[in-house]
Structures are given as C-alpha cells and as structure tokens.
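Here the protein sequences line up with chains B and E, keeping their order.
The working numbering puts the first residue of the first sequence at 250, with every later residue one more than the last.
The working numbering puts the first residue of the second sequence at 106, with every later residue one more than the last.
Take a look at the structure below.
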Amino acid sequence: EAQVTQNPRYLITVTGKKLTVTCSQNMNHEYMSWYRQDPGLGLRQIYYSMNVEVTDKGDVPEGYKVSRKEKRNFPLILESPSPNQTSLYFCASSSPRSGVYNEQFFGPGTRLTVL
Amino acid sequence: GESVGLHLPTLSVQEGDNSIINCAYSNSASDYFIWYKQESGKGPQFIIDIRSNMDKRQGQRVTVLLNKTVKHLSLQIAATQPGDSAVYFCAETAPLGAGGTSYGKLTFGQGTILTVHP
Numbered sequence: 250e251a252q253v254t255q256n257p258r259y260l261i262t263v264t265g266k267k268l269t270v271t272c273s274q275n276m277n278h279e280y281m282s283w284y285r286q287d288p289g290l291g292l293r294q295i296y297y298s299m300n301v302e303v304t305d306k307g308d309v310p311e312g313y314k315v316s317r318k319e320k321r322n323f324p325l326i327l328e329s330p331s332p333n334q335t336s337l338y339f340c341a342s343s344s345p346r347s348g349v350y351n352e353q354f355f356g357p358g359t360r361l362t363v364l
Numbered sequence: 106g107e108s109v110g111l112h113l114p115t116l117s118v119q120e121g122d123n124s125i126i127n128c129a130y131s132n133s134a135s136d137y138f139i140w141y142k143q144e145s146g147k148g149p150q151f152i153i154d155i156r157s158n159m160d161k162r163q164g165q166r167v168t169v170l171l172n173k174t175v176k177h178l179s180l181q182i183a184a185t186q187p188g189d190s191a192v193y194f195c196a197e198t199a200p201l202g203a204g205g206t207s208y209g210k211l212t213f214g215q216g217t218i219l220t221v222h223p
C-alpha cells in the first residue's frame, strides 16, 4: 500500500531532551516536507526537501533540523525541544506534476507534547 | 510574510445542498492555489488545484473558482454528502525567487469546518 508513515504517533517529552520524528514514504517521491498544525493557525511548513541532500526552510524552521540522506526518509529533529513546539506534526511527500508539488500525500501525524 | 486566509471558519449545510467555501489570499506572486480536505484524526488530502492563468477548474463534484482581481478563491462542492464533513484548507505556492521555476513552499490558510447534516 502506498503510504507515508510517521513514528512515533504520540510523544510526550520534557524540555531540552533531543528527539527525532521519523518519516518514510514508499512511493519513490522526490519531494518531502514537514508541517506543524496548531489550532487557529492551520498548517505551517517547517522544512522541505526537493531531492536527496537538498533541503530548504519553510515558514517556521527555527528549532528544527532535517536531513535527507535517502529518498524514502526525511526525519525531523528537535535538538532542544521547548513547550512552544507542542503541536501536531505532519510529514508529506509528492512527485512533480508539471514541475509543481501541489498534490502532497500526508502521513497520519505525530502529536508531540513538550513539558 | 504574506499568508492565505479564510472568510468563514465554519459552514453547516444539509445533505444534498451545494457548499461554497471561500478563501482570500494576499500574495500576488502566487501561481497555484490548492484545496485540501482534512477528516478528523487524519492528514490532509489533496482535492484540486488551479493555476493563476485559469479562473475555473472542475473535478468530480467540485469546482474551484479563482478571482485574481480581488484575490479570492472558492471551492464549490455539489450535492454535499455527510462524508464531505471535514476541515477544508486552501493553500498557495509561488515560484522561489524572481523568475524562479521551483515550487517547493506551500502556505496554508487557517481552514473552514464543513458540517453536513443528514
């Protein structure tokens, strides 16, 4: 089944404790992206990657890191999580259609709570 | 930065009615506009997109209208069904840099909650 998987689905952690949220897709998509979703703010893009070893900042990259060493994986790293990073996180992937990545396939989400 | 927003946060309709969800945008450089549907507990799902050189595009039971003069976008759902109940987001993307051809960044609006009553 074609899908985007995220792990863990739920995580409660404490301020300052490094964590990684993994994202994997099995559709051979070249584009992957991370978003956070907060009430009243919709989805905001954190980072995206248009291919292996190519990453770019979205609208809210502060406090996050990403890497794209393989096509299928795009982990999100929080080196020193803070309570304002408590949110619902979505990973997405896409293949280009006429050069754009409008049709993105989203994972099920990771709910992160930072105490 | 510029962002995409919505006029109405909630919309309630009766099954079988047509629904219209509106969205205002402010970035005049936006080249594509996209609608996503998010059901409770799930990730967003692509519905339809439209390029800025078009003013209307139709899909299965959905139509997107674009008015660049007033920077307004709408999603029309025909014969709305209970399964259409969800949060609907508009999003926009613009080429990166002046004269750019790379579209990696997506900006989403806040969302509209559509509730369809049987």
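Every residue, glycine too, gets a C-beta built ideally from N, C-alpha and C.
Expressed to the nearest angstrom, what Euclidean distance is found between the alpha-carbon atoms of D305 (chain B) and Y296 (chain B)? 6 Å
Between which two residues does the beta strand (DSSP E) containing R285 (chain B) stretch? Y280 to D287
May I ask you to list, following chain order, the residues of the segment 294 to 311 of chain B that have a beta carbon less than 7 Å from some beta carbon of chain E? Q294, Y297, M299, D305, G307 and D308
Simplified DSSP assignment, three categories, for V109 (chain E): Residue placement at V109 (chain E) is poorly supported in this model, since its pLDDT is 48, which falls under 50; the coordinates still yield a value, given next. In the structure shown, V109 (chain E) sits in a strand (DSSP, three-state: E or B).
Considering only residues of the segment 138 to 195 of chain E, which uninterrupted alpha helix (DSSP H) runs meet the minimum length of 4 residues and lie entirely inside it, listed in chain order? none
Under the assumption that K320 (chain B) contacts E279 (chain B) (Cβ atoms under 8 Å), give the Cβ distance between them as a whole number of angstroms. 7 Å
Using CA atoms only, rank isn't needed, just tell me which of E:A191, E:V192, E:P114 and E:E120 is closest to P223 (chain E). E:E120
Go ahead and pull the three-state DSSP assignment for N333 (chain B). helix
Q119 (chain E) (DSSP reduced to helix, strand or coil): strand
For a contact meaning CB atoms closer than 9 Å, what does P357 (chain B) contact in chain E? G146, K147 and G148
With DSSP as the reference, label Y350 (chain B) as helix, strand or coil. coil
Distance, Cα to Cα, V363 (chain B) vs L268 (chain B)? 11 Å
When the cut-off is 9 Å and only beta carbons count, does F323 (chain B) lie next to chain E? no
Taking its Cβ as the centre, do 16 or more other Cβ atoms sit within 10 Å of V221 (chain E), making it buried, or is it exposed? buried
Check each candidate in B:A341, B:D308, B:N351 and B:Q252 and name the one with the smallest Cα separation from F323 (chain B). B:A341
Alpha-carbon to alpha-carbon, G216 (chain E) and S124 (chain E): 15 Å
What does a CB cutoff of less than 8 Å around Q143 (chain E) pick up in its chain, not counting 5 residues either side in sequence? P149, Q150, A191, V192, Y193, F194 and G216
So G209 (chain E) is in the beta strand (DSSP E); what residue range does that whole segment cover? Premise fails: G209 (chain E) is in no beta strand (DSSP E) and is neither H nor E.
Would K210 (chain E) count as contacting chain B if we go by Cβ distances under 9 Å? yes
Taking 9 Å as the threshold (C-beta atoms), are N132 (chain E) and S179 (chain E) in contact? no
Are A199 (chain E) and A134 (chain E) touching if we call contact CB-CB under 9 Å? yes
Cβ-heavy atom distance between R258 (chain B) and the ligand COA below 8 Å? Absent from the structure shown: the ligand COA. Ligands present: none.
Chain B contact for G106 (chain E) (CB, 9 Å cutoff): Residue confidence for G106 (chain E) is low, a pLDDT of 37 falling below 50, so the modelled location carries little weight; the figure read from the coordinates is stated next. G106 (chain E) counts as touching chain B.
Could you tell me whether any Cβ in chain E is nearer than 9 Å to the Cβ of N351 (chain B)? yes
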